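Participant: Structure incoming, see below.
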Amino acid sequence: MNVLVFNAGSASLKFELIRADSEKPDLQQLHQVISCSIEHIGGDAVLSQLQDKKVIHKQQITANDYSTATQQALKWLNKQEISNKFNKFDVVGHRIVHGANRFTAPILINDEVIAEIEALEELAPLHNANAVDVIRATHKLLGNKVPMVAVFDTVFHRDIPDFAHLYGIPFELSERYQIRRYGFHGISHQYMATRYAQITNTPKEKVDIITLHLESGCSATAIKAGKSIDTSMGFTPLEGLMMGKRSGDIDPALINYLATKEGVEVGEIEELLNNKSGLLGVSGISHDTRVLMKHFDTDKRVRLAMEVFCYRILKYIGAYLAVLGGAKAIVFGGGIGENTLFVRDRICSQLKWCGLMLDSERNQQTIDCEGKITSDDSGLHAYVIPVQEGLQIAQQAVLTIF
Numbered sequence: 014m015n016v017l018v019f020n021a022g023s024a025s026l027k028f029e030l031i032r033a034d035s036e037k038p039d040l041q042q043l044h045q046v047i048s049c050s051i052e053h054i055g056g057d058a059v060l061s062q063l064q065d066k067k068v069i070h071k072q073q074i075t076a077n078d079y080s081t082a083t084q085q086a087l088k089w090l091n092k093q094e095i096s097n098k099f100n101k102f103d104v105v106g107h108r109i110v111h112g113a114n115r116f117t118a119p120i121l122i123n124d125e126v127i128a129e130i131e132a133l134e135e136l137a138p139l140h141n142a143n144a145v146d147v148i149r150a151t152h153k154l155l156g157n158k159v160p161m162v163a164v165f166d167t168v169f170h171r172d173i174p175d176f177a178h179l180y181g182i183p184f185e186l187s188e189r190y191q192i193r194r195y196g197f198h199g200i201s202h203q204y205m206a207t208r209y210a211q212i213t214n215t216p217k218e219k220v221d222i223i224t225l226h227l228e229s230g231c232s233a234t235a236i237k238a239g240k241s242i243d244t245s246m247g248f249t250p251l252e253g254l255m256m257g258k259r260s261g262d263i264d265p266a267l268i269n270y271l272a273t274k275e276g277v278e279v280g281e282i283e284e285l286l287n288n289k290s291g292l293l294g295v296s297g298i299s300h301d302t303r304v305l306m307k308h309f310d311t312d313k314r315v316r317l318a319m320e321v322f323c324y325r326i327l328k329y330i331g332a333y334l335a336v337l338g339g340a341k342a343i344v345f346g347g348g349i350g351e352n353t354l355f356v357r358d359r360i361c362s363q364l365k366w367c368g369l370m371l372d373s374e375r376n377q378q379t380i381d382c383e384g385k386i387t388s389d390d391s392g393l394h395a396y397v398i399p400v401q402e403g404l405q406i407a408q409q410a411v412l413t414i415f
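In structure tokens form, the structure reads like this:
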């Protein structure tokens, strides 16, 4: 079976062609044939083809919006020789960030589903609307013969118990407006948990780990018996860890305070917290750790930004160790988790108290690849598992139509 996967971000569109060897595939029966991304949509758009996460081809394209980006993606796929061998798409999987209470599992897409995803736009304005544009453009180009499945980032966190997802606000307001901690990056956290079970030969019911999705957006998840029981992001993706451009946890009174002091509307402060804070805001240079580490030894604000970033992660790990009653491992994933040695070293070095013994050589060698970075006799292990959301989305799409 051939699965086309679309992953619409806030300013980019990833698309992959995945081959499934079974109608009920596990992750090991899924194979990436083509992986691409379109970046800078609405500006000087660039289409890049990747192999093992390295760019092997790049070209300028015209992509004024997500509809035209989708058209360009399918046009480019049709021209590829390898794609022609897989020219029949059996199903298309779409990543959707926010499913709220309405969607508790992947679902076959129809007009009603599209309308409901669109109605949730106010909860994820940077993502849901873009995904809907991609869905509509795909349907227009491929027609009704190819089924499409929506796979939601929030679904993996549906098992979080009431006492963990409820906010301390009047209960009637939570009920009336469906306010709860939904959590995000669920596709990524689920992939890390599944791969951890596979590479360590651990039954799902014994997967007690903490997963860290660390890139521009960051989140931590406590996983008990293979299920999410708590996660750092909440009602929106703004809560939790400090991120590339997002503040993460703050005192909510700061919003009105800053709006008053700066003489601006609350919406402008929310924009500041979402797009001008985090690593970018503290460092004053960049949200990208690859850039920041080049200035680490010479810029005090850069050092401070990286220290705050690691400290926030460490605090959540400590909290989740308590929530889980201990864990088997900590798993690093996402671009920062997979590539930034400083972050892994700083966090792991402060976890010796609970038995984590970092193996410096293993840590140095495990860059953008899968592996254990602790010593074999470590009481708490740490792993790096590069996240492949496309495989997880493809699996859910296939399982939904069969």
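Going by our numbering, the first residue of the sequence shown is number 14, and it counts up by one from there. Glycine included, C-beta positions come from ideal geometry on N, C-alpha and C. Only a predicted model underlies this, so the values are computations on that prediction, with no experimental measurement involved.
Under 8 angstroms, do VAL145 and ILE130 count as touching if we go by C-beta distance?
Facilitator: For the purposes of this step, residue 145 is taken as residue 132 along the sequence shown, with counting starting at 1. For the purposes of this step, residue 130 is taken as residue 117 along the sequence shown, with counting starting at 1. Their beta carbons are under 8 angstroms apart, which means VAL145 touches ILE130 by this criterion.
Participant: Taking DSSP as the reference, what is the three-state secondary structure of GLN64?
Facilitator: The residue labelled residue 64 in the question sits at position 51 within the sequence shown. In this structure, GLN64 counts as strand in the three-state DSSP scheme.
Participant: Using CA coordinates, which residue listed in GLY331, LEU337, THR302, TYR333 is at the minimum distance from GLU320?
Facilitator: The count along the sequence shown starts at 1 and reaches residue 320 at position 307. Measuring from the Cα of GLU320, the nearest candidate turns out to be THR302.
Participant: Pop quiz: CYS367 and LEU327 are said to be a contact at Cβ under 8 angstroms. What is the actual Cβ separation, rounded to whole angstroms?
Facilitator: Against the sequence shown, residue 367 aligns to sequence position 354. Against the sequence shown, residue 327 aligns to sequence position 314. With 8 angstroms as the limit, CYS367 and LEU327 do not qualify as a contact, their Cβ atoms being about 11 angstroms apart.
Participant: Output the distance between the C-alpha atoms of LEU293 and ASP312, rounded to the nearest integer angstrom.
Facilitator: The residue given as residue 293 occupies position 280 in the sequence shown. The residue given as residue 312 occupies position 299 in the sequence shown. Using only the alpha carbons, I get a separation of about 14 angstroms.
Participant: Does the Cβ of LEU186 have 16 or more other Cβ atoms within 10 Å, making it buried, or fewer, making it exposed?
Facilitator: Translated into positions along the sequence shown, residue 186 becomes position 173. Exposed: under 16 other Cβ atoms inside 10 Å.
Participant: For GLN378, name the three-state secondary structure that DSSP assigns.
Facilitator: To locate residue 378, count along the sequence shown from 1; it is residue 365. Three-state DSSP puts GLN378 in a helix.
Participant: Kindly indicate the opening and closing residues of the beta strand (DSSP E) around ARG32.
Facilitator: Residue 32 sits at position 19 when you count from the first residue of the sequence shown. Here the beta strand (DSSP E) through ARG32 covers 25–33.
Participant: Straight-line CA distance for PHE169 to ARG375?
Facilitator: Translated into positions along the sequence shown, residue 169 becomes position 156. Translated into positions along the sequence shown, residue 375 becomes position 362. Going by the C-alpha atoms only, they are around 31 angstroms apart.
Participant: Does DSSP classify GLU383 as helix, strand or coil?
Facilitator: Sequence index remark: in the sequence shown, residue 383 carries index 370 (1-based). In this structure, GLU383 counts as coil in the three-state DSSP scheme.
Participant: Between LEU17 and LEU30, which are expected to be in contact by the criterion C-beta below 8 angstroms, what is the C-beta distance as a whole number of angstroms?
Facilitator: Within the sequence shown, residue 17 is the residue found at index 4, counting from 1. Within the sequence shown, residue 30 is the residue found at index 17, counting from 1. Going by Cβ atoms, the distance from LEU17 to LEU30 rounds to 6 angstroms, so yes, they are a contact pair.
Participant: Could you give the C-beta distance for TYR329 and SER245, rounded to a whole number, given that I count them as a contact under 8 angstroms?
Facilitator: In the sequence shown, the residue the question calls residue 329 occupies position 316. In the sequence shown, the residue the question calls residue 245 occupies position 232. So it is a contact: roughly 6 angstroms between Cβ atoms.
Participant: So the alpha helix (DSSP H) ASN352 belongs to, where does it begin and stop?
Facilitator: As a first step, residue 352 must be located in the sequence shown, where it is residue number 339. Taken as a continuous stretch (DSSP letters only), the alpha helix (DSSP H) holding ASN352 covers 347–352.
Participant: Mind checking who GLN72 pairs with in its DSSP beta bridge?
Facilitator: Walking along the sequence shown from the start, residue 72 turns up at place 59. According to DSSP, GLN72 bridges with LEU60.
Participant: Would you call LYS289 buried or exposed, if buried means 16 or more other Cβ atoms sit within 10 Å of its Cβ?
Facilitator: As a first step, residue 289 is located in the sequence shown; it is residue number 276 there, counting from the start. When all chains shown are included, LYS289 counts as exposed.
Participant: Cα separation between GLY331 and ILE242?
Facilitator: In the sequence shown, counting from the first residue as 1, residue 331 sits at position 318. In the sequence shown, counting from the first residue as 1, residue 242 sits at position 229. Cα to Cα, the separation comes out at about 15 angstroms.
Participant: May I ask you to list the residues that DSSP assigns as paired with MET246?
Facilitator: One-based indexing of the sequence shown puts residue 246 at position 233. None, per the DSSP bridge assignment.
Participant: Could you give the uninterrupted runs of the alpha helix (DSSP H) lying entirely in the stretch 164–211, keeping only those of 4 residues or more?
Facilitator: As far as the stretch 164–211 is concerned, its whole alpha helix (DSSP H) runs of at least 4 residues are 175–178, 184–190.
Participant: Counting C-beta neighbours from all protein chains within 10 Å, is the total for CYS382 16 or more, i.e. buried, or is it exposed?
Facilitator: To locate residue 382, count along the sequence shown from 1; it is residue 369. Exposed: under 16 other Cβ atoms inside 10 Å.
Participant: Would the stretch 273–280 count as touching the stretch 226–242 if we require 3 or more Cβ pairs under 8 angstroms?
Facilitator: No, the stretch 273–280 is not in contact with the stretch 226–242.
Participant: If we ignore side chains and look at the alpha-carbon of each, how far apart do THR167 and ASP358 end up?
Facilitator: Stepping through the sequence shown from its first residue, residue 167 is reached at position 154. Stepping through the sequence shown from its first residue, residue 358 is reached at position 345. Straight-line Cα distance between these residues: approximately 30 angstroms.
Participant: In three-state terms, what does DSSP make of GLN84?
Facilitator: By 1-based counting over the sequence shown, the position of residue 84 is 71. Helix.
Participant: Counting pairs of Cβ atoms below 8 angstroms between the stretch 146–166 and the stretch 69–87, do you hit three or more?
Facilitator: Touching, yes, given that three or more Cβ pairs across the two stretches are closer than 8 angstroms.
Participant: Can you list, in chain order, the residues of its chain with a C-beta nearer than 6 angstroms to that of TYR396? Leave out the 5 residues immediately preceding and following it.
Facilitator: Here residue 396 is taken as the residue at index 383 of the sequence shown, counted from 1. Same-chain partners within the cutoff: ALA342, VAL344, LYS385.
Participant: Opposite GLY106 in the DSSP bridges: which residues?
Facilitator: Position 93 of the sequence shown, counted from the first residue, corresponds to residue 106. For GLY106, which the question treats as bridged, DSSP gives the partners VAL18, VAL162.
Participant: If distances are taken between C-alpha atoms only, which option among ILE212, PHE102, ALA137, GLY181 comes closest to LYS158?
Facilitator: The residue given as residue 158 occupies position 145 in the sequence shown. The shortest Cα separation from LYS158 among ILE212, PHE102, ALA137, GLY181 belongs to PHE102.
Participant: Specify, as a first and last residue, the run of the beta strand (DSSP E) that GLN409 falls within.
Facilitator: In the sequence shown, residue 409 corresponds to position 396, counting from 1. No beta strand (DSSP E) holds GLN409; the alpha helix (DSSP H) holding it covers 402–414.
Participant: For the stretch 400–407 against the stretch 36–55, are there 3 or more C-beta pairs whose distance is under 8 angstroms?
Facilitator: Contact holds: three or more Cβ-Cβ distances are below 8 angstroms.
Participant: Taking Cβ positions, are SER201 and GLY346 nearer each other than 8 angstroms?
Facilitator: Reading the sequence shown from its first residue, position 188 is the one you call residue 201. Reading the sequence shown from its first residue, position 333 is the one you call residue 346. Yes; because the gap between Cβ atoms is below 8 angstroms, this pair is in contact.
Participant: Check the DSSP bridge columns for CYS231 and list the partner residues they point to.
Facilitator: Along the sequence shown, one-based indexing puts residue 231 at 218. DSSP, once it has assigned bridges, lists LEU227 as partnering CYS231.
Participant: Note down the Cα distance separating LEU136 from CYS323, rounded to an integer number of angstroms.
Facilitator: Here the question's residue 136 lines up with position 123 in the sequence shown. Here the question's residue 323 lines up with position 310 in the sequence shown. The alpha-carbon atoms of LEU136 and CYS323 are separated by roughly 28 angstroms.
Participant: Taking the alpha-carbon of ALA128 as reference, which of THR353, ILE414, PRO119, ASN141 has the nearest alpha-carbon?
Facilitator: Against the sequence shown, residue 128 aligns to sequence position 115. The residue with the shortest Cα to Cα distance from ALA128 is ASN141.
Participant: Could you check whether ASN287 and LEU251 sit closer than 8 angstroms to each other, using their CB atoms as the reference points?
Facilitator: For the purposes of this step, residue 251 is taken as residue 238 along the sequence shown, with counting starting at 1. For the purposes of this step, residue 287 is taken as residue 274 along the sequence shown, with counting starting at 1. Result yes, Cβ atoms of LEU251 and ASN287 sit closer than 8 angstroms.
Participant: Taking only the alpha-carbon atoms, compute the straight-line gap between ILE268 and GLU283 and give it to the nearest angstrom.
Facilitator: Translated into the one-based positions of the sequence shown, residue 268 becomes position 255. Translated into the one-based positions of the sequence shown, residue 283 becomes position 270. Approximately 8 angstroms, taken between the alpha carbons.
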